[in-house]
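Residue numbers (the numbering used here): 7 to 165.
Below, the structure is given as structure tokens:
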């Protein structure tokens with residue numbers, strides 16, 4: 007994602023967010039977008055979720071950037087969870103571990119949600135990614151339930 011797309015993606019939750027604020031948070035070492043050949047920043051889903059974590063901590067907990075940076079570093083240092091043996095075989099033959107975090111694409115695949123629907127579920131707080139940009143099993147279940155309710159005719163924004 008480009009920087010402008012990131013700002014637009016997060017603007018529903020953070021109306022005052024600007025491109026300069028995103029650049030400032032990068033200069034403070036809180037996010038680390040990849041640079042493409044022409045020097046433009048390219049933001050991954052993990053970068054977007056780190057940014058969301060940072061902005062939420064500032065807004066809701068009034069934390070200074072130094073404390074937020076420490077929290078992000080702790081999350082980065084935390085050893086990955088022990089890998090469990092997959093227990094479910096999906097219909098297309100891939101092994102799936104029910105308790106493993108999933109990325110956004112896998113979350114959309116498992117729930118049948120479109121990218122727009124998933125963006126809406128994220129913006130209204132039904133699901134949230136962790137600092138690594140992955141979604142816990144509880145987020146998967148919440149998204150599944152939200153999509154079932156949506157199929158019955160309730161707009162996602164009303165959840």
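In this text, a Cβ means the ideal position worked out from N, Cα and C, and glycines have one as well. It should be emphasised that the depicted structure is a prediction, and the values quoted were computed from it without experimental measurement.
Integer-rounded CB distance, given that residue 113 should sit under 8 Å from residue 146: On the chain shown, position 140 is the one that residue 146 refers to. On the chain shown, position 107 is the one that residue 113 refers to. The Cβ separation is near 6 Å, so the contact holds.
Residue 118 versus residue 164: straight-line alpha-carbon distance, rounded: Locating residue 118 in the chain shown gives position 112, where the first residue counts as 1. Locating residue 164 in the chain shown gives position 158, where the first residue counts as 1. Going by the C-alpha atoms only, they are around 19 Å apart.
Residue 60 vs residue 108 beta-carbon contact at 8 Å: Taking the first residue of the chain shown as position 1, residue 60 is located at position 54. Taking the first residue of the chain shown as position 1, residue 108 is located at position 102. No. Outside cutoff.
Distance between beta carbons of residue 143 and residue 105, contact taken as under 8 Å: The count along the chain shown starts at 1 and reaches residue 105 at position 99. The count along the chain shown starts at 1 and reaches residue 143 at position 137. Confirmed, about 6 Å.
Given residue 79 as reference, the closest of 65, 47, 53 and 36 once Cα atoms are compared: On the chain shown, residue 79 is found 73 positions in, with the first residue counted as 1. Closest option to residue 79, Cα to Cα, is 36.
Cβ shell of residue 16 (< 6 Å), same chain only, five flanking positions each side left out: As a working note, residue 16 is residue 10 in the chain shown. Within the same chain, residue 16 has close Cβ partners 23.
According to DSSP, residues forming a beta bridge with residue 38: In the chain shown, residue 38 corresponds to position 32, counting from 1. Residue 38 pairs with nothing; no bridge assigned.
Own chain partners of residue 74 with C-beta closer than 8 Å, once the 5 adjacent residues on each side are dropped: To locate residue 74, count along the chain shown from 1; it is residue 68. 36, 59, 60, 63 and 64.
Residue 136 versus 33, 162, 122 and 84, residue with shortest Cα-Cα distance: For the purposes of this step, residue 136 is taken as the residue at position 130 of the chain shown. That would be 84, whose Cα lies nearest to the Cα of residue 136.
Under 8 Å between C-beta atoms of residue 129 and residue 18: In the chain shown, the residue the question calls residue 129 occupies position 123. In the chain shown, the residue the question calls residue 18 occupies position 12. Yes, these two residues count as a Cβ contact at 8 Å.
For residue 93, three-class secondary structure by DSSP: Counting from one through the chain shown, the residue named residue 93 turns up at place 87. A caution first: residue 93 carries a pLDDT of 49, below 50, which makes its placement in the model too unreliable to give a value.
N-terminal and C-terminal residue of the alpha helix (DSSP H) that residue 130 is part of: Taking the first residue of the chain shown as position 1, residue 130 is located at position 124. Run containing residue 130: none; DSSP gives neither H nor E here.
Residue 20 - DSSP class collapsed to helix/strand/coil: One-based indexing of the chain shown puts residue 20 at position 14. In this structure, residue 20 counts as coil in the three-state DSSP scheme.
Cβ neighbours of residue 13 in the same chain (closer than 8 Å, five flanking residues each side left out): As a first step, residue 13 must be located in the chain shown, where it is residue number 7. Result list for residue 13: 23, 24, 25 and 28, in chain order.
Outcome for residue 55 when other beta-carbon atoms lying within 10 angstroms are tallied against a minimum of 16: Stepping through the chain shown from its first residue, residue 55 is reached at position 49. Per the 10 Å Cβ criterion, buried.
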